[in-house]
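For the sequence shown, our numbering assigns the number 1 to the initial residue and increments by one for each residue that follows. From the three backbone atoms N, C-alpha and C, an ideal C-beta is built for every residue, glycine too. Heads up: the structure comes next, in structure tokens.
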Amino acid sequence: MRVQLNRIYVTLALFGFASAVGPLEYVGCFGSPTNLKYDGESIFQTVGLCASRCRGQNRLVMAVTNSTACLCGQSTPPLQLEKPDSFCNSRCPGYPTNICGGQGYFSVYYLGQPDELERVPTQEAPSQSIEPVEIGDAHSTVSIENQPTPFVGSSEL
């Protein structure tokens, strides 16, 4: 009975934590995190827990992958790397109604209000060269040149 109550309290705490971080906007499922940086893992991962970690670093974009890993950044991966939502099919262990990416796929979210993000026209987008990102057993390396970065944070943040 005590173990069940502890699970209930942990679940309620994580759910409350997830709902207390403010609005999130789902961007999509991506095959590579490109400009997002790994920020750790949790066996109690939720979308809200990762959002809180990234907001604590004043980041505008976050991603969850492989059920437990969290990534943070200032802009989304290029839209060319977007995959069907069915590729992001791993449930979050801390709140199973949340989806925490997939095996090698990343559920990406905006953390800020839409007015805090600005769109960068394709012709003004900078070139990028991306470093490898290691998450658990998955290894993803992407090199993108002259590809647009569709969204970046405003310079006010």
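Residues bridged to residue i (per DSSP)
{"i": "Thr65", "result": "Ala69 and Phe106"}
{"i": "Ile161", "result": "Any property of residue 161 remains undetermined from this structure, which presents the chain solely from 1 to 157."}
Where residue i sits in the DSSP three-state scheme
{"i": "Gly31", "result": "coil"}
{"i": "Ser42", "result": "coil"}
Residues near residue i by beta carbon distance below 7 Å, same chain, minus five either side
{"i": "Val27", "result": "Thr76, Val108, Tyr109 and Tyr110"}
{"i": "Lys37", "result": "Leu71, Cys72 and Gly73"}
Rounded separation between residue i and residue j - CA only
{"i": "Asn35", "j": "Val61", "result": "10 Å"}
{"i": "Arg59", "j": "Gly73", "result": "5 Å"}
{"i": "Tyr105", "j": "Arg55", "result": "22 Å"}
{"i": "Gly112", "j": "Val64", "result": "16 Å"}
{"i": "Gln57", "j": "Lys83", "result": "27 Å"}
{"i": "Ser86", "j": "Gly48", "result": "21 Å"}
{"i": "Glu25", "j": "Cys50", "result": "14 Å"}
{"i": "Phe44", "j": "Pro23", "result": "20 Å"}
Sequence-distant residues of its chain with Cβ nearer than 6 Å to residue i (five each side left out)
{"i": "Asn89", "result": "Gly102"}
{"i": "Leu81", "result": "Phe30, Gly31 and Ser32"}
Contacts around residue i, its chain only, beta-carbon distance under 8 Å, and the 5 residues preceding and following it disregarded
{"i": "Gly40", "result": "Arg53, Ala69 and Cys70"}
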